[in-house]
Amino acid sequence: MIKKGVKVTALCHLMASLSKPRHSCSLRCLIEHTKFLQDMIQEVCGFALNEWCTVELLSASKDKPVIKLIKKREGTHCTKRKQEELSNVLATMEKAAAKRIEPPTPTPLIIRTSQKKKKNTYKMELKHITQ
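Residue 71 in numbering that gives the first Met the number 0 is what sits at position 72 of the sequence shown, and the numbering runs on without skipping anything.
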């Protein structure tokens, strides 16, 4: 009989640690504090450029290019989650825009220039104000 190698015993000492889940299982679960920090960073920093592109595509209701763009940037598994997240953001932005009452636009004032300046500047100012 060969007596080489490491002796293997029963898993009795591991059974006690099996009652709690492994740390790797809680890798993608969000804690309240982590979610709060992510929301605060999102509010301060805003969206990334590719996220703005996907929001624009979602507002134009082009779903397939959105999925392709997110899959290219983020990865396959994150695609649906990111699309749902950005579509929710777009919906809240549209609700906020609908609630917002825009103030009436003031009438443009015509500013007369002094006689020392050229006539071209007067015309340019009028064009600028009317646009």
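Here a beta-carbon is modelled for each residue, glycine too, at the ideal position from N, C-alpha and C.
Compute the distance between the beta-carbons of Val65 and Gln82, then report whether it is under 8 Å. Locating residue 65 in the sequence shown gives position 66, counting from the first residue. Locating residue 82 in the sequence shown gives position 83, counting from the first residue. Taking 8 Å as the Cβ cut-off, Val65 and Gln82 qualify as a contacting pair.
Use the C-beta contact count for Glu50: other C-beta atoms within 10 angstroms, 16 or more gives buried, fewer gives exposed. Along the sequence shown, read from residue 1 onward, the residue named residue 50 stands at position 51. Buried, by the Cβ-count rule.
Distance check for His22 and Gly45, CA to CA, integer angstroms please. Taking the first residue of the sequence shown as position 1, residue 45 is located at position 46. Taking the first residue of the sequence shown as position 1, residue 22 is located at position 23. Between Gly45 and His22, the alpha-carbon positions lie close to 31 Å from each other.
How would you call Leu85, buried or exposed, if buried means at least 16 neighbouring beta carbons within 10 angstroms? Stepping through the sequence shown from its first residue, residue 85 is reached at position 86. It counts as buried.
Assuming Leu36 and Ser58 make a contact with CB atoms under 8 Å, what is their CB distance in whole Å? Mapped onto the sequence shown, residue 36 falls at position 37. Mapped onto the sequence shown, residue 58 falls at position 59. A Cβ-Cβ distance of about 28 Å is found for the pair Leu36 and Ser58, leaving them out of contact under the 8 Å criterion.
Check Ile30 in the structure and name its three-state DSSP category. Sequence index remark: in the sequence shown, residue 30 carries index 31 (1-based). Correct three-state label for Ile30: coil.
If you run the structure through DSSP and keep just helix, strand and coil, what is Phe35? Numbered from its first residue, the sequence shown carries residue 35 at position 36. Phe35 falls in the helix class under three-state DSSP.
Go to Arg72, then tell me how far its alpha helix (DSSP H) extends in each direction, as first and last residue. Residue mapping note: residue 72 aligns to position 73 of the sequence shown, counting from 1. Judged by DSSP secondary structure, Arg72 falls within the alpha helix (DSSP H) whose first and last residues are 62-72.
Please state whether DSSP places Val54 in a helix, a strand or coil. Translated into positions along the sequence shown, residue 54 becomes position 55. Shown here, Val54 sits in a helix according to DSSP, grouped into three states.
State the DSSP-derived secondary structure class of Ser18, mapped to helix, strand or coil. As a first step, residue 18 is located in the sequence shown; it is residue number 19 there, counting from the start. In the three-state reduction of the DSSP assignment, Ser18 falls in the coil class.
According to DSSP, is Lys2 helix, strand or coil? Here residue 2 is taken as the residue at index 3 of the sequence shown, counted from 1. The answer is coil: DSSP assigns Lys2 none of H, G, I, E or B.
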